[in-house]
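K.L.:
Numbering (this note's numbering), first residue to last: 186 to 520.
C-beta atoms are modelled at their ideal positions from N, C-alpha and C, and glycine is treated no differently.
Quick caveat: nothing in here was measured; it's all calculated off a predicted structure.
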Amino acid sequence: MQVQVRDNNVDQALRALKKKLQREGVYREMKLRRHYEKPSERRARERAEAIRRAGVRLTGTVELSGTVDEESGGWAGMAYLAERGRIARGRTDAVIIPEPLNVDRICIGHRGVYWFEVTTRGRIAHGSMPFLGTSAIEHMGAVLDTIRRDLLPTFSRRRTEVPVVPEAARRATLNVNAVHGGQPRGAVQTPCVADRCTAVFDRRFLLEEGFESTRREIVELLDGLTRELPDFRYDLRDLMVVEPTRTPDDAPVVGALGRSIASVLGRDATLVASPGTYDHKHVARIAGVENCVAYGPGILELAHQPDEWCSVDDLLNATRVLALSILDLAGVEKA
Numbered sequence: 186m187q188v189q190v191r192d193n194n195v196d197q198a199l200r201a202l203k204k205k206l207q208r209e210g211v212y213r214e215m216k217l218r219r220h221y222e223k224p225s226e227r228r229a230r231e232r233a234e235a236i237r238r239a240g241v242r243l244t245g246t247v248e249l250s251g252t253v254d255e256e257s258g259g260w261a262g263m264a265y266l267a268e269r270g271r272i273a274r275g276r277t278d279a280v281i282i283p284e285p286l287n288v289d290r291i292c293i294g295h296r297g298v299y300w301f302e303v304t305t306r307g308r309i310a311h312g313s314m315p316f317l318g319t320s321a322i323e324h325m326g327a328v329l330d331t332i333r334r335d336l337l338p339t340f341s342r343r344r345t346e347v348p349v350v351p352e353a354a355r356r357a358t359l360n361v362n363a364v365h366g367g368q369p370r371g372a373v374q375t376p377c378v379a380d381r382c383t384a385v386f387d388r389r390f391l392l393e394e395g396f397e398s399t400r401r402e403i404v405e406l407l408d409g410l411t412r413e414l415p416d417f418r419y420d421l422r423d424l425m426v427v428e429p430t431r432t433p434d435d436a437p438v439v440g441a442l443g444r445s446i447a448s449v450l451g452r453d454a455t456l457v458a459s460p461g462t463y464d465h466k467h468v469a470r471i472a473g474v475e476n477c478v479a480y481g482p483g484i485l486e487l488a489h490q491p492d493e494w495c496s497v498d499d500l501l502n503a504t505r506v507l508a509l510s511i512l513d514l515a516g517v518e519k520a
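#1: Using beta-carbon positions only, say whether V517 and V241 come within less than 8 Å of one another.
#2: How would you label H467, buried or exposed, when you count the other beta carbons within 10 angstroms and need 16 or more for buried?
#3: Would you list the residues sitting across from R422 in a DSSP beta bridge?
#4: Does the Cβ of M425 have 16 or more other Cβ atoms within 10 Å, making it buried, or fewer, making it exposed?
#5: Is the stretch 368-388 touching the stretch 299-307 in the sense that three or more CB pairs, one from each, lie closer than 8 Å?
#6: Please report the distance separating the alpha-carbon of E393 from that of A353.
#7: In whole angstroms, what separates the C-alpha of G451 from that of A441?
#8: Go ahead and label I293 buried or exposed: buried means 16 or more other beta carbons lie within 10 angstroms of its beta carbon, across all protein chains shown.
#9: Would you kindly report the start and end of the unbroken beta strand (DSSP E) that includes F390?
#10: Within this structure, are the beta carbons of V474 and T277 separated by less than 8 Å?
#11: Starting from the Cα of Y299, find the closest Cα among S313, L391 and D435 and give me that residue.
#12: From R356 to P348, what does the alpha carbon distance come to, in whole angstroms?
#13: Note down the Cα distance separating S341 from R388, rounded to an integer number of angstroms.
#14: In whole angstroms, give me the CA-to-CA distance for T411 and M263.
#15: Assuming S510 contacts I281 under a Cβ cut-off of 8 Å, what Cβ separation, rounded to an integer in Å, is found between them?
#16: Might you give, ordered along the chain, the residues of its own chain that have their beta carbon closer than 6 Å to the beta carbon of Q368, omitting 5 neighbours on each side?
#17: Measuring CB to CB, does P482 end up less than 8 Å from A503?
#18: With 16 as the cutoff for other CB atoms within 10 Å, does V506 come out buried or exposed?
#19: Express the C-alpha separation of V427 and I332 in angstroms, rounding to a whole number.
#20: Quick check: what's the CA-CA separation for A479 versus D423?
#21: Run through the stretch 396-447 for me and flag every whole beta strand (DSSP E) of 3 or more residues, listed as ranges in chain order.
#22: Between the C-alpha atoms of D335 and D498, what's the straight-line distance to the nearest angstrom?
#23: Who are the Cβ neighbours of E486 in its own chain at under 6 Å, not counting the five residues just before and after it?
#24: Beta carbon of P460, beta carbon of V350: below 8 Å?
#25: Got a sec? Which residues, its chain only, sit under 8 Å from N476 by beta carbon, not counting five neighbours each side?
#26: Report all residues from its chain with a CB closer than 6 Å to the CB of A472; omit the five preceding and five following residues, and keep chain order.
#27: Rounded to a whole number of angstroms, what is the C-alpha to C-alpha distance between L500 and I446?
#28: Are the beta-carbon atoms belonging to I403 and L414 less than 8 Å from one another?
#29: Taking S496 as the reference, give the member of L286, L329, A261 and G258 with the closest Cα.
#30: Note the first and the last residue of the continuous alpha helix (DSSP H) segment covering V347.
#31: Can you give me the start and stop residues for the beta strand (DSSP E) that N360 sits inside?
#32: M325 to V361, Cα distance in whole Å?
#33: Assuming T430 contacts H295 (C-beta within less than 8 Å), just tell me the rounded distance between them.
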């Protein structure tokens with residue numbers, strides 16, 4: 186199937202392409218095909234397949250990478266490709282990362298991440314004589330209470346100008362991912378005062394905060410407990426640090442997606458930023474490609490929930506949006 190561009194009228198060629206794709210049943214095949222994939226990954230592959238089947242010749246190159254490890258940092262996936270130059274400035278003009286952020290939104294960045302681990306150190310003693318020891322669990326309780334009482338209330342006064350969604354995520358947040366201490370669950374009874382307790386924290390910081398001040402805030406909180414509580418000792422270990430990212434509103438990839446969303450959905454796109462991190466960080470920091478956004482179908486607020494789902498209509502519309510955006514960014518070869 187060939188689509189000709191006459192007199193530089195790309196819009197007319199795109200309309201002809203859409204009609205031919207519908208006539209050939211490409212969209213219908215997409216609807217009936219079943220895969221064990223995330224909808225965003227499936228749609229990314231199918232949009233490229235739709236263009237190939239339509240016989241469109243691009244002046245640029247489109248590369249589709251199915252990477253892994255994004256949820257745990259992306260170091261074995263996107264970071265791996267960027268470190269080896271598969272994705273790099275000068276080689277890659279634009280990157281669109283499939284993410285479930287709603288079909289009419291363009292995601293231009295994300296908040297920062299500071300994952301860290303705090304271990305409190307106590308002194309072991311027999312459980313019948315706890316006064317002879319120091320409970321690391323009680324000291325971890327003091328850490329959690331101080332965070333709740335002194336730190337979390339300050340977050341309500343910090344608000345980013347970056348359009349993070351949902352609205353509540355425009356403020357700094359902190360989640361306790363895990364707490365481990367004392368007798369292991371299901372293990373043999375051990376009448377001991379716990380001499381070690383570890384908690385893992387997930388701190389999401391704003392572009393206006395920065396990592397250094399975010400970490401310093403935690404250190405000062407822990408040092409304060411050292412002065413307040415007898416025998417309070419702690420270790421702080423950084424697990425992962427990700428600086429916030431933001432692509433300029435006028436970047437070419439933002440414009441291309443915006444035009445495609447308007448064409449397919451009949452309404453203007455909304456620029457948003459993600460409350461969590463994704464592979465944008467590796468594209469910007471390692472590959473040096475600033476022309477990067479995330480886009481895809483799916484409901485953001487359902488992420489990581491048991492009944493996470495994506496409507497077929499959104500899947501199909503996102504495929505159309507991405508197909509048109511590829512043509513816009515890569516260019517169509519004249520007949």
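P.N.:
So, from the data block:
#1: The sequence position of residue 517 within the sequence shown is 332, counting from 1. The sequence position of residue 241 within the sequence shown is 56, counting from 1. Their beta carbons are under 8 Å apart, which means V517 touches V241 by this criterion.
#2: As a first step, residue 467 must be located in the sequence shown, where it is residue number 282. With 16 or more Cβ atoms within 10 Å of its Cβ, H467 is classed as buried.
#3: Your numbering for residue 422 matches position 237 in the sequence shown. Beta-bridge pairing links R422 to E302.
#4: Indexing the sequence shown from 1 puts residue 425 at position 240. By the 10 Å Cβ count, M425 comes out exposed.
#5: yes
#6: Sequence index remark: in the sequence shown, residue 393 carries index 208 (1-based). Sequence index remark: in the sequence shown, residue 353 carries index 168 (1-based). Taking the straight line joining both Cα atoms gives about 16 Å.
#7: The count along the sequence shown starts at 1 and reaches residue 451 at position 266. The count along the sequence shown starts at 1 and reaches residue 441 at position 256. Distance between the alpha carbons of G451 and A441: 15 Å.
#8: Locating residue 293 in the sequence shown gives position 108, where the first residue counts as 1. The residue in question, I293, is buried, as its Cβ has 16 or more Cβ neighbours within 10 Å.
#9: As a working note, residue 390 is residue 205 in the sequence shown. It spans R381 to F390 - the beta strand (DSSP E) in which F390 sits, taken as one unbroken run.
#10: Within the sequence shown, the letter at position 289 stands for residue 474. Within the sequence shown, the letter at position 92 stands for residue 277. Their beta carbons are under 8 Å apart, which means V474 touches T277 by this criterion.
#11: On the sequence shown, residue 299 is found 114 positions in, with the first residue counted as 1. Measuring from the Cα of Y299, the nearest candidate turns out to be L391.
#12: Within the sequence shown, numbered from 1, the residue matching residue 356 stands at position 171. Within the sequence shown, numbered from 1, the residue matching residue 348 stands at position 163. Cα-Cα distance, rounded: 11 Å.
#13: The residue given as residue 341 occupies position 156 in the sequence shown. The residue given as residue 388 occupies position 203 in the sequence shown. Taking the straight line joining both Cα atoms gives about 14 Å.
#14: The count along the sequence shown starts at 1 and reaches residue 411 at position 226. The count along the sequence shown starts at 1 and reaches residue 263 at position 78. Roughly 41 Å between the two C-alpha positions.
#15: Taking the first residue of the sequence shown as 1, we reach residue 510 at position 325. Taking the first residue of the sequence shown as 1, we reach residue 281 at position 96. That pair is a contact at about 7 Å.
#16: The residue labelled residue 368 in the question sits at position 183 within the sequence shown. These residues qualify, in order along the chain: T375.
#17: Position 297 of the sequence shown, counted from the start, is the residue given in the question as residue 482. Position 318 of the sequence shown, counted from the start, is the residue given in the question as residue 503. Yes.
#18: The count along the sequence shown starts at 1 and reaches residue 506 at position 321. The residue in question, V506, is buried, as its Cβ has 16 or more Cβ neighbours within 10 Å.
#19: Position 147 of the sequence shown, counting from 1, holds the residue named residue 332. Position 242 of the sequence shown, counting from 1, holds the residue named residue 427. Cα-Cα distance, rounded: 22 Å.
#20: Position 294 of the sequence shown, counting from 1, holds the residue named residue 479. Position 238 of the sequence shown, counting from 1, holds the residue named residue 423. Spanning the two alpha carbons is a distance of roughly 27 Å.
#21: 418-427
#22: Translated into positions along the sequence shown, residue 335 becomes position 150. Translated into positions along the sequence shown, residue 498 becomes position 313. Straight-line Cα distance between these residues: approximately 46 Å.
#23: Here residue 486 corresponds to residue number 301 of the sequence shown, with the count starting at 1. Excluding residues within five positions, none has a Cβ falling inside 6 Å.
#24: Here residue 460 refers to the residue found at position 275 when the sequence shown is read from its first residue. Here residue 350 refers to the residue found at position 165 when the sequence shown is read from its first residue. Against a cut-off of 8 Å, the Cβ pair of V350 and P460 comes out as a contact.
#25: Counting from 1 along the sequence shown, the entry for residue 476 is found at position 291. Here the set comprises D278, A279, V280, T432, A436, P437 and V438.
#26: For the purposes of this step, residue 472 is taken as the residue at position 287 of the sequence shown. A267, I272 and A273, listed in sequence order.
#27: For this step, residue 500 is matched to residue 315 along the sequence shown. For this step, residue 446 is matched to residue 261 along the sequence shown. So the two alpha carbons sit approximately 13 Å from each other.
#28: Here residue 403 refers to the residue found at position 218 when the sequence shown is read from its first residue. Here residue 414 refers to the residue found at position 229 when the sequence shown is read from its first residue. Taking 8 Å as the Cβ cut-off, I403 and L414 do not qualify as a contacting pair.
#29: Along the sequence shown, one-based indexing puts residue 496 at 311. Minimum Cα distance to S496 is reached at L286.
#30: Residue numbering aside, residue 347 sits at position 162 when the sequence shown is read from its first letter. Taken as a continuous stretch (DSSP letters only), V347 belongs to no alpha helix (DSSP H), as it is neither H nor E.
#31: In the sequence shown, the residue the question calls residue 360 occupies position 175. First-last of the beta strand (DSSP E) with N360: T358 to G366.
#32: Position 140 of the sequence shown, counted from the first residue, corresponds to residue 325. Position 176 of the sequence shown, counted from the first residue, corresponds to residue 361. Computed Cα separation, rounded: 12 Å.
#33: Position 245 of the sequence shown holds residue 430. Position 110 of the sequence shown holds residue 295. Taking the Cβ atoms as the reference, T430 lies roughly 6 Å from H295, within the contact range of under 8 Å.
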